[in-house]
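For the sequence shown, the tail end lands on 181 under our numbering, and the numbers increase by one without skipping. We treat Cβ as the ideally placed atom computed from N, Cα and C, and that holds for glycine. These figures come from a predicted structure and were not determined experimentally.
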Amino acid sequence: MQQLSTAATPPSAETHDRAPDSVALTVTTAPRSWAFENAITGVPHWVTCMQGCDLVHDADMSRPTDPTDIYCRVDPEDSSLTIPVDFNTGVPEASRILSTWIGVEPFARDIARQLPHAMVEVIDEHYIGPLDPDLLAVLIDGLARRVEALRRTHAQLCAARAEYVTRSGGAA
Ligand SMILES: [Zn+2]
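This is the structure we're talking about:
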């Protein structure tokens, strides 16, 4: 029987190491400021990290960088849910679902990314976002309705199996 499991490792930021001591959004330390050289114009830019950003940014600072590649990120939850999913291959694959993080891309062309926004990984490397607070609330409400539907399905399944056992004369 396959088990649902929680993984302690969140999806990592692809090109950044994490600071040794991750901080949560609730930490009130002042955001860090740092500078990088614009790879396109050669002009230096200052960046003030999003509150709670736990990326090191060494790679951004150590060489000229395209501003659109600059981002800050914080993972409010340090765990994700991994479940076996069959992608019509007949062989279930361990798939991470509903990982979330908050990011900001200060030089993005898309204004929705210039502000702190949420990203939700629906399933391995398939995302919803950028989500502003209202859109994230809509998503949460929709998922909550699905969870309630799952609870109803669970109750119906328990009843159906109990009736089946009774009908079969008690053989489980
Ligand atoms: Zn940052």
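_Exposed unless 16 or more other CB atoms sit within 10 angstroms - verdict on phenylalanine 80_ = Taking the first residue of the sequence shown as 1, we reach residue 80 at position 71. The question names phenylalanine, but residue 80 in the sequence shown is tyrosine. Tyrosine 80 is buried by the Cβ-count criterion.
*Between valine 129 and leucine 152, what straight-line distance do the alpha-carbon atoms span, to the nearest angstrom?*
Position 120 of the sequence shown, counting from 1, holds the residue named residue 129. Position 143 of the sequence shown, counting from 1, holds the residue named residue 152. Computed Cα separation, rounded: 12 Å.
*Any idea what DSSP makes of isoleucine 120, helix, strand or coil?*
Numbered from 1 along the sequence shown, position 111 holds the residue referred to as residue 120. Correct three-state label for isoleucine 120: helix.
*Classification of cysteine 58 by the beta-carbon crowding that lies within 10 angstroms, buried from 16 upward*: Taking the first residue of the sequence shown as position 1, residue 58 is located at position 49. Buried, by the Cβ-count rule.
*Answer yes if the region 140-150 comes into contact with the region 109-128, meaning at least three C-beta pairs across the two stretches below 8 Å, and no otherwise.*
yes
*May I ask whether a heavy atom of ligand 1 can be found less than 8 Å away from the beta carbon of histidine 126?*
By one-based count along the sequence shown, residue 126 stands at place 117. Incorrect: histidine 126 has no Cβ contact closer than 8 Å to ligand 1.
*Count the other CB atoms within 10 Å of the CB of glutamate 102; is the residue buried (16 or more) or exposed (fewer)?*
If you number the sequence shown from 1, residue 102 lands on position 93. Glutamate 102 should be labelled exposed.
*Among all residues, which have a Cβ less than 5 Å from at least one non-hydrogen atom of ligand 2, and in what chain order do they fall?*
The model on display carries ligand 1 but not ligand 2.
*Can you name the start and end residues of the beta strand (DSSP E) that arginine 82 belongs to?*
Indexing the sequence shown from 1 puts residue 82 at position 73. Looking at the DSSP string, the run of the beta strand (DSSP E) that includes arginine 82 is 81-83.
*Helix, strand or coil: which one does DSSP assign to proline 73?*
In the sequence shown, residue 73 corresponds to position 64, counting from 1. Three-state result, proline 73: coil.
*Identify every residue that forms a DSSP beta bridge with alanine 103.*
Mapped onto the sequence shown, residue 103 falls at position 94. Beta-bridge pairing links alanine 103 to Pro93.
*Check whether the Cβ atoms of isoleucine 106 and aspartate 133 sit closer than 9 Å, and answer yes or no.*
Position 97 of the sequence shown, counting from 1, holds the residue named residue 106. Position 124 of the sequence shown, counting from 1, holds the residue named residue 133. In this structure, aspartate 133 lies closer than 9 Å to isoleucine 106 by Cβ.
*For threonine 91, count neighbouring C-beta atoms within 10 Å of its own C-beta (all shown protein chains included) and say buried if the count is 16 or more, exposed if not.*
Along the sequence shown, read from residue 1 onward, the residue named residue 91 stands at position 82. Threonine 91 comes out buried.
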